[in-house]
Each structure stands twice: as C-alpha cells, then as structure tokens.
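Worksheet: one structure, shown below.
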Amino acid sequence: MRSPYPDIEPYQVHLFDMRANEGETVHQIYVEECGNPNGIPIVFLHGGPGSGCRPSHRCLFDPHSYRIILFDQRGCGRSQPYGCLENNRTEYLINDLEQIRETLAIRQWIVFGGSWGAALALTYAQQHSERVTALVLRGVFLGRKSDVGWVYDHGGAAKIFPEAWQNLMSTLTPCERETPLRSFYTILLDSDTQRSGEVSEALNQWERHLVRLVSPAHITLKDATSCRGGDAKDAAKIIQLHYSLNEFFISHRPILANMKTINAIPTFVIHGRYDMVCPLEQAWQLYQKNQNIELDVMPLSGHVAEEPEILEAILNLTDRLARRFSG
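If you're matching positions, the sequence shown starts at 1 in full-length UniProt numbering and goes up one per residue.
Next comes the structure, spelled out in structure tokens:
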C-alpha cells in the first residue's frame, strides 16, 4: 500500500474577506496554496461541515504536479469568526469558492471533495461547470433528508450499531429521543456547558463507530480540530448539525435532479463498500444518473480517506489526472 506524499508547508497563506451585503457579517476565509505555483490547480473541499482542513490533506497530491488550494469553510478551522452560523449556508460557500478562484486568478480547477465536501463539489460544479476541469469525489454524500436520517435517526446506522446508538440515546430524555437531531442541536447551543459537553462527546463516540472499517491501530488520523483548543469540537459539531437540520441548504435544487448540467465534466468517484456514514447507495445513485462516471468501489473500506485502500486509490487517481491534464 502507498503512503501519502511527504509533509509540505504552504508557499502562500491568505485570509480573504468574503463579499457581504450591508449589515451582514463579513466572513474571513483561511486559504493556503501548496505545491507548484505553476502546477495544475486543484481545490480541496473538506467535510463535516465544520471540520476544517488539516496538514495531511496537502499530502494527497503530487506537490510537483499540482497547485494545491485548501481552505477552511465559513466558521471552520482558521476562518473567522470561528463557529459563526450567520450567513453560513451552502449558497455562501459556493460564492466563496468563486471569489477564491477569481482572487487567485485561476481559470479552471480540479475540484476534490470527500463526504460533505463531495456534495459541495457537485453543487458548485452544477452552478459553475465551465470552471471545473474534473471532479474527484471520495465518499459521495447527496445531502438528502434520508441521508441525514441515516446518521441521526433510529432507522439507519442505528440498526447496524444498536449498542452505540443506545449509548447516544441515553444522553437524551424520552421526549428528546423523538427528534434526536433537533435535540442534539438545541442542547449544544444551550448555555448548560456540562450537558452540552456530555452530548458532544457522545456524538463524537457515535461517529467514531461509523467512520472506520479498518481499526484505528492500523491508520493514523489527526483530529481535524486539534489545531484549536477548548470548544473546537463543539463549534464544529454545531455547524454540522446546523447544516444537517436544514438538509444542507440544497433541498430546493437536489444534486441528482441536476446531473445533466455536469455530464460533460470528467468525474471520478472512490467509495468504500462498507461506508457507514455515506452508504454506497449514494454513489450508486449518482452513477445511475451518469454512467460515464468512473466509479471505483473499495471492497474492504469504510468512510475515511486514510483507510489504506481508499488512500492508495486517491493517490493513484490524482497521479493519473496529473499526467492527463499536465501541459
């Protein structure tokens, strides 16, 4: 199995003021450029929502071939104001992507997204197809109500991990269990820091059951929020629940209903057979809409990019695309 490319540091770091209407909060977006300034532009869209980028994401791409653009989405990571929910919706993230692209004088770029990042990549491409050289999607997420319910309701992953779900439900009252997702969101926003901390940790424990097929003993995954202290995980979780409660702000223009707009874009999907966060059905439905998509199912993998099969597939694919689009 392949290892990621060696650690690298950005050659340029920015904090861009995003456009805002009068009276709106101005979000400052942390952006970094890595690799070859004259290389193939590729933008990395992190998941969550809420998680932010981390140094290991830079190492998925050949630094000699790619101009690697990473940024922390609104309220995430090193972007400011941290944890802010105001004007934090998908439509704003799409506009941020375009402003970043324009500011960096990039005509077209490869868009790489995993999990929520895959949904954001697809939504962006459907609105700005002329700006997308190719789409690389790891762990397709479609943002439908059923996809949210799979993680946060009684009838999805809860049936695969009943003991872990029971532990999570034990943090809620019987009444709160009737609407778990809304209850989690309300509790985390509450000023009762002891209870919100307990629920936040229970949610983290729940997600740890879902994200990996391979034992953590065999792979290394640095916590996405480790660059921040204190309430970092709570803020990231609140953003994630904010989007989940609102069906990721894309229910008015579902991804599957708009696939014709991007049929001409070369699209590559890598998905774990046993992904318990974004079940394979989501990638399969995408493929049914466009069978020109190159769908690569990893037979012994779950959700995270750091699982050995998925990591090797990403590295091999990005190397292949570097050869295809160079020059």
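Glycine is no exception: its CB is placed at the ideal position from the N, C-alpha and C atoms.
With a contact defined as Cβ atoms closer than 8 Å, isoleucine 265 and alanine 313 miss out at about 20 Å. Membership of isoleucine 262 in any beta strand (DSSP E) is not indicated, and neither H nor E is assigned to it by DSSP. Here leucine 168 carries a helix assignment [DSSP, helix/strand/coil].
In this structure, the beta-carbon distance from isoleucine 69 to leucine 104 falls below 8 Å. In its chain, beyond the 5 residues on either side, Gln108, Trp109, Ile110 and Phe325 have a beta carbon closer than 7 Å to the beta carbon of threonine 133.
Here the alpha carbon of arginine 58 sits roughly 22 Å from the alpha carbon of tyrosine 82.
Taking 8 Å as the cut-off, the beta carbon of valine 211 is found closer than this to the beta carbon of valine 304.
Collapsing the DSSP output to three states places leucine 189 in a helix. Non-local beta-carbon contacts of lysine 289 in its own chain, meaning distances under 7 Å to residues more than five positions away in sequence, involve Leu256 and Met259 in chain order. In this structure, isoleucine 100 lies near valine 31, with their beta-carbon atoms less than 8 Å apart. By the neighbour-count definition (other C-beta atoms within 10 Å, threshold 16), leucine 300 is an exposed residue. Within the stretch 244-295, the complete beta strand (DSSP E) segments at least 3 residues long are 267-272, listed from N- to C-terminus. Annotated three-state conformation of glutamate 86 is coil, per DSSP.
Separation of threonine 193 and glycine 139 (C-alpha to C-alpha, rounded to the nearest whole angstrom) is 33 Å. Taking every protein chain shown into account, the CB of glutamine 166 has fewer than 16 other CB atoms within 10 angstroms, so this residue is exposed.
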